[in-house]
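Per this note's numbering, residue 3 is the first one in the sequence shown, and the count goes up by one each step.
Reading through the structure tokens given below for one structure.
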Amino acid sequence: MYLSSNIRFLRKRKRLTQSGLAEVLEINRSGVNNYENGSVIPPVNVLIALSDLFHISIDTLLRINLSKLRESQMYLIENGSDVFVKGNELRVLTTTVNSRNQDNIELVSIKAKAGYTTGYFDPEFIAGLPVFQLPFLSKEKKYRTFQVSGDSMLPIPDKSWVTGEYVQDLSDIKNDELYIILTLNEGIVFKKVKNELKEKGSLRMISTNPEYAPYDLPLAEIREVWKFVHYISSEVPEPTETEHLHHQIKSIKKELEQIKRKL
């Protein structure tokens, strides 16, 4: 049971002194000290108060060593994805951390994509992927970078490196946003998505290149979902239709000015 160490860990995480926590719980400071050194087990009313204060279930307070969790895992628990509250809805992700116990960003190249489709849950496979850090991304969220192929998501070019934020709860998938999705039969796909899980039990997968027809991806096919954050490419994107139109208008204005001068 990890209750005593968890109380100490969460108190410090909230930047509370023992006296400060005692004031919140409306008990004596000595009571908090006794809970933290394990000499006294808090009564039910205090356990409930601790659970409410830290937004963590009593089961988690008792059974999980919170100090061993990564920051991204603590963030999920504190924001409603507690395994003892959500049960099977919690999606377990295999990941790696750096020397400061912060999540790495693993890099999945085109060459590694085939292995990833079967090894995404294998700690040894994930540990063998190249890793890096991006200082401008949140330490409280989990990211992974995938190399995409093909022209279905233009203007994002072929062989771009696309970074996604891990989606814990599939109900959080928003319409018309971009996602990288690991599927059972198609491998890794990168699409704009319409969330139809409640209505049809599937996601509507849409390419930004109109030459590719939309299709439905059943819930049973989904293995991981990553929300698009940014991409890196060595190619300069082709000018958009709006840019072409802007240049045409500019050219027409120039021609009109020349005609006016002649008149």
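Even for Gly, the Cβ is constructed at its ideal location relative to N, Cα and C.
Nearest-angstrom Cα separation, counted from residue j out to residue i
i: residue 185; j: residue 170; result: 16 Å
i: residue 225; j: residue 143; result: 19 Å
i: residue 70; j: residue 215; result: 46 Å
i: residue 79; j: residue 237; result: 40 Å
i: residue 207; j: residue 109; result: 24 Å
i: residue 148; j: residue 222; result: 22 Å
i: residue 202; j: residue 196; result: 11 Å
i: residue 28; j: residue 55; result: 13 Å
i: residue 107; j: residue 231; result: 13 Å
i: residue 229; j: residue 213; result: 23 Å
i: residue 92; j: residue 14; result: Because the pLDDT at residue 92 is just 43, under 50, the model does not fix this residue reliably, and the value given afterwards should be weighed accordingly. Each residue's Cα considered, the two are about 26 Å apart.
i: residue 105; j: residue 77; result: 12 Å
i: residue 33; j: residue 145; result: 41 Å
i: residue 150; j: residue 181; result: 12 Å
i: residue 53; j: residue 25; result: 16 Å
i: residue 20; j: residue 41; result: 15 Å
i: residue 141; j: residue 99; result: 11 Å
i: residue 23; j: residue 31; result: 8 Å
i: residue 49; j: residue 95; result: 29 Å
i: residue 168; j: residue 227; result: 6 Å
i: residue 38; j: residue 120; result: 43 Å
i: residue 16; j: residue 131; result: 34 Å
i: residue 134; j: residue 97; result: 13 Å
i: residue 178; j: residue 199; result: 14 Å
Closest by C-alpha distance to residue i, when choosing among the options
i: residue 173; options: 154, 205, 3; result: 205
i: residue 188; options: 219, 33, 6, 121; result: 219
i: residue 193; options: 152, 200, 201, 202; result: 152
i: residue 10; options: 45, 63, 54, 50; result: 63
i: residue 36; options: 53, 7, 200, 50; result: 7
i: residue 161; options: 168, 130, 115; result: 115
i: residue 210; options: 256, 157, 165; result: 157
i: residue 65; options: 183, 175, 5; result: 5
i: residue 103; options: 72, 129, 97; result: 72
i: residue 163; options: 117, 68, 190; result: 190
i: residue 118; options: 183, 67, 101, 159; result: 183
i: residue 2; options: 175, 18, 3, 129; result: Since the displayed the chain opens at 3 and closes at 265, residue 2 lies outside it and no answer follows.
Assigned exposure category for residue i - 16 Cβ within 10 Å defines buried
i: residue 75; result: buried
i: residue 112; result: exposed
i: residue 90; result: Note on residue 90: pLDDT 40, under 50, position unreliable in the model; no value is reported.
i: residue 136; result: exposed
i: residue 44; result: buried
i: residue 12; result: buried
i: residue 165; result: buried
i: residue 46; result: exposed
i: residue 259; result: exposed
i: residue 266; result: This structure leaves residue 266 out entirely; the chain is present only between 3 and 265.
i: residue 155; result: buried
i: residue 254; result: exposed
Counting only runs of 4+ residues fully inside the region 175 to 260, write out the alpha helix (DSSP H) ranges in chain order. 199 to 202
contact_flag[the region 53 to 71, the region 114 to 124] where n(CB pairs < 8 Å) is 3 or more: no
Tell me the start and end of each unbroken alpha helix (DSSP H) in the region 105 to 134 that is at least 4 residues and wholly inside, in chain order. 112 to 121, 125 to 129
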